[in-house]
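Below is one structure; the comments refer to it alone.
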Amino acid sequence: MNLSVPGLFSPSAVRQNAVHLTRKLKLGRTDRLDRLARRAGKLWSTVAKWHWRFVDRQGYWLSKGQAQKMYCKGFDGLHSQSAQAVADSFYDSLQSWRKKRENGDYEGLRPPYKQKRYFKVQWKSGAIKLRDDGVLRLFNGRGNNPVLIDWPSEKEPKRVEIGWDGDQYE
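Number 128 in full-length UniProt numbering belongs to position 128 of the sequence shown; there are no gaps in the numbering.
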């Protein structure tokens with residue numbers, strides 16, 4: 001199976017291992033992707049801010065499930081699973097920090113706390129649909145138009161992540 005498509009993928013942009021096939025597409029910069037990244041950044045900041053306020057004021061660590069129920073449910077502008085993925089990212093970072101701290105690796109170690117203006121947007125399989133004409137639809141919740149991407153493969157991806165690489169979205 002030939003995975004390189006001229007103009008879209010370089011050999012370094014397609015990586016295959018036993019579990020995943022990773023593809024990178026350059027998407028450019030659009031107002032729509034900026035808006036989605038800002039919404040994801042706002043949600044990350046909300047989860048981080050309220051997690052640490054609970055810790056400071058009540059001495060209580062919110063679980064990932066509690067944070068998802070409190071802040072992700074009904075978060076406007078993102079698909080529910082995309083919002084959950086943002087909370088998952090925060091709690092994965094928090095768990096990594098705690099493990100390193102328990103192992104005694106303190107040098108330069110800080111917990112995830114910073115507010116983010118932009119954050120990567122992730123779609124899980126329930127929010128992804130590949131149309132017959134080769135266009136990938138990434139749903140953004142009820143009442144919001146989906147993101148449409150020309151997809152060079154016949155296989156529907158299981159997960160899509162769009163983030164900023166310094167020059168454009170990929």
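Ideal placement from N, C-alpha and C gives every residue a C-beta, glycine not left out.
Cβ shell of residue i (< 6 angstroms), same chain only, five flanking positions each side left out
i, result
"arginine 39", "Gly77 and Leu78"
"glutamine 84", "Gln68 and Cys72"
"glycine 28", "Gln168"
"tryptophan 164", "none"
"valine 5", "Model confidence at valine 5 stands at a pLDDT of 36, short of 50, so the residue's coordinates are unreliable and nothing is read from them."
Option in the options with minimal Cα separation from residue i
i, options, result
"lysine 155", "Arg131, Phe54 and Tyr91", "Arg131"
"serine 63", "Asp56, Asp88 and Pro152", "Asp88"
"arginine 142", "Gln81, Asp165 and Glu161", "Gln81"
Sub-8 angstroms separation of residue i and residue j beta-carbons
i, j, result
"leucine 136", "alanine 127", "no"
"alanine 37", "tyrosine 106", "no"
Same chain, Cβ closer than 7 angstroms to residue i, five either side skipped, listed in chain order
i, result
"asparagine 145", "none"
Endpoints, alpha helix (DSSP H) assigned at residue i
i, result
"arginine 57", "31-58"
"leucine 94", "80-102"
"lysine 64", "64-67"
Span of the beta strand (DSSP E) around residue i
i, result
"tryptophan 123", "121-124"
"lysine 129", "128-130"
"arginine 110", "Element bounds for arginine 110: n/a, residue is neither H nor E."
"glutamate 161", "159-162"
Own chain residues within Cβ distance below 8 angstroms of residue i, not counting five before or after
i, result
"tryptophan 61", "His51, Phe54 and Val55"
message: Would you call the segment 86-96 in contact with the segment 109-118, where contact means no fewer than 3 C-beta pairs closer than 8 angstroms?
response: yes
- prompt: Is it a yes or a no for the segment 20-27 touching the segment 38-48, going by three-plus beta-carbon pairs under 8 angstroms?
  reply: no
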